Amino acid sequence: MSENASPSTLFSAFARAPIHFERGEGVRLYTSSGEEFLDFAAGIAVNALGHCHPHLVEALQTQAQTLWHVSNLYESPQQESLASRLCDNSFADRVFFTNSGTESMECAFKTARRWHHDNGAPERVDIITFEGAFHGRSLAAISAGGNEKYMMGFGPKVAGFNQVDFDDYDQLKAAITDTTAAILIEPVQGEGGIRPVSHQRLRELRELCEEHGILLIYDEIQCGIGRTGKLFAHQWVDGAEPDIMGIAKGIGGGFPVGACLATEKAASGMQPGTHGTTYGGNPLAMAVGNAVLDVVLEDGFLDQVMEKAIFLKQRLAELADSYPDIIEGVRGDGLMQGLKCKAVNTEVVAAFRDHHLLSVPAGDNVVRLIPPLTVGEDDMREAVEKMDAALMSMQNAG
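One point on numbering: in the working numbering, the residue at position 80 of the sequence shown is 188, and numbering is uninterrupted.
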């Protein structure tokens, strides 16, 4: 599927599929040789509105003609606009813009620790995280995630992150000590295998943080920006708002944008000199982020996401019933669905790709299906047909 090429001068950090894309439109990608693929990977939940959405293209082109970058040494009306909209539609009062999800989580870690420092408890630096978590690739983020594979060869784990089992409330309570600063969780684990946290557990986490005077941090980098049918996944649950939250991926629709959102209380310690970024919040990123919200916050858009999600999950359940030796079950929320596999998940991903459907492997032997939120019903039918053909070929091969 890929033309012959000379040896790459890139780092060998990615196990890349032998294919490259020349252009994209909506839910589809095209190679230079004209092959068409249905994209149910969406850049790993990044292309929330598909490829080359006309409103995003127009916003980026318009901004590019006036101003690209001036740094955060000066006021930014573009940042003020996007920050206000994020706050108006969430728990937050303050926003710090970044370039990526990893940077958003770094800001979240620092914000939590600084709050305790400024409130007379500098010893409170530890953050409790959960098995299966993924919070990025910096040294602190891989230490927070706790995956030994990601930490191997990079020296000692960064101190201050204590991990507990995914759904063991007693273990979580026992892990809270006088040095605990915060609890960090993804309302729906993405890399960990599309594992939603129960509504009851999210409420319990909020209550636990209140009881112990610690902060609640959400990582909605993958499950936010409409992916579950609400702007943020935790908004399905009353009484479970965080103090701090990291977002990225969908908010840029393909352009590098991230943000750390916080309440006035939690952000109070982040004064001039405590944190910074060169590119975060640049005018190009802000124009695209505002354009994404224009679409996602339109009346009825998120309702349509939920209708599509119901349709997709039903079709996936039928597939699982048809191929019980390959697919164990279906799980997820909204347009963030996972096929729990009995076969090796990477082999399933490869089979789907051979039938021109893109998906993403995840932990716990899961295949992620995370199409653009703009996916149509006909697109989903076509995707299921491709999956059916791929699974049939795997079954016949033995």
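The C-beta atom is built at its ideal place from N, Cα and C for all residues, glycine as well.
What you are looking at is a predicted structure, and each value in this text was computed from that prediction instead of being measured.
Spatially closest choice to residue i from the options, by CA coordinates
i: R124; options: V468, R489, M488; result: V468
i: R202; options: G446, I434, D411, D351; result: D351
i: I302; options: H342, A241, Q279, T382; result: A241
i: G132; options: E143, H159, F119, V272; result: H159
i: H342; options: L313, K357, A290, I322; result: L313
i: H177; options: G440, M414, A395, D411; result: A395
i: E485; options: E415, V475, T454; result: E415
i: A491; options: L137, S116, F148; result: F148
i: Q379; options: H225, L194, E143; result: H225
i: I322; options: E299, G228, D487, Y387; result: G228
i: A428; options: I355, V413, K450; result: K450
i: R476; options: G440, T386, R489; result: G440
Where residue i falls, given that 16 or more other Cβ within 10 Å makes a residue buried
i: I418; result: exposed
i: S179; result: exposed
i: Y182; result: exposed
i: V452; result: exposed
i: I504; result: Sequence inspection shows Asn at residue 504; the Ile mentioned does not correspond to that position. Per the 10 Å Cβ criterion, exposed.
i: T245; result: The sequence shown places Arg at residue 245, not Thr. Looking at its Cβ environment, which holds fewer than 16 other Cβ atoms inside 10 Å, R245 is exposed.
i: K373; result: exposed
i: A121; result: exposed
i: G506; result: exposed
i: F217; result: buried
i: A220; result: buried
i: E211; result: buried
i: E294; result: buried
i: L190; result: buried
i: D512; result: Outside the modelled stretch of the chain, which goes from 109 to 506, sits residue 512, for which no answer is possible.
i: M353; result: buried
Residue i versus residue j: straight-line alpha-carbon distance, rounded
i: V438; j: L424; result: 7 Å
i: L443; j: I329; result: 14 Å
i: E318; j: R461; result: 47 Å
i: H320; j: G381; result: 29 Å
i: C215; j: L146; result: 35 Å
i: F129; j: A267; result: 41 Å
i: F199; j: V457; result: 37 Å
i: N197; j: S114; result: 49 Å
i: E436; j: S306; result: 21 Å
i: F205; j: L410; result: 24 Å
i: M213; j: P304; result: 20 Å
i: Y258; j: G298; result: 16 Å
i: V474; j: K448; result: 5 Å
i: K357; j: G337; result: 16 Å
i: H464; j: E493; result: 11 Å
i: D487; j: G134; result: 10 Å
i: D433; j: R222; result: 51 Å
i: A289; j: H243; result: 17 Å
Chain C within 8 Å of residue i, Cβ atoms only
i: N227; result: Absent here is chain C; the protein component of the structure consists of one chain.
Same chain, Cβ closer than 7 Å to residue i, five either side skipped, listed in chain order
i: L157; result: L164, G361, V400, V403, P480, L481, T482
i: I359; result: I333, V365, A367, G397, V400
i: G347; result: R311, R314
Beta-carbon proximity list for residue i, same chain, < 6 Å, skipping 5 on both sides
i: A459; result: A498, M502
i: F269; result: I235, T237, S251, A252
i: P391; result: Q171, L175, Q186
i: N155; result: G362, P480
i: L339; result: N197
i: L292; result: I235, T237, I325
Unbroken beta strand (DSSP E) run spanning residue i, endpoints
i: F217; result: F217 -> not in any beta strand (DSSP E); alpha helix (DSSP H) instead, spanning 209-226.
i: D327; result: 323-327
i: Y277; result: Premise fails: Y277 lies in the alpha helix (DSSP H), 277-283, not in any beta strand (DSSP E).
i: G202; result: Note that residue 202 corresponds to Arg in the displayed sequence, not to Gly. Unbroken beta strand (DSSP E) run through R202: 202-206.
i: M259; result: Here M259 belongs to no beta strand (DSSP E); instead the alpha helix (DSSP H) covers 256-259.
i: C449; result: 444-449
i: R160; result: Checking the sequence, you will find Cys at residue 160 rather than Arg. Run containing C160: none; DSSP gives neither H nor E here.
i: C368; result: 366-370
i: I435; result: 435-441
i: I355; result: 352-355
Cβ neighbours of residue i in the same chain (closer than 8 Å, five flanking residues each side left out)
i: K281; result: L316
i: A283; result: I236, N270, V272
i: R309; result: D275, Y277
Range of the contiguous alpha helix (DSSP H) that encloses residue i
i: F199; result: Here F199 belongs to no alpha helix (DSSP H), and DSSP marks it neither H nor E.
i: M414; result: 409-430
i: T454; result: 453-462
i: M495; result: 485-505
i: E318; result: 307-320
i: P391; result: 391-404
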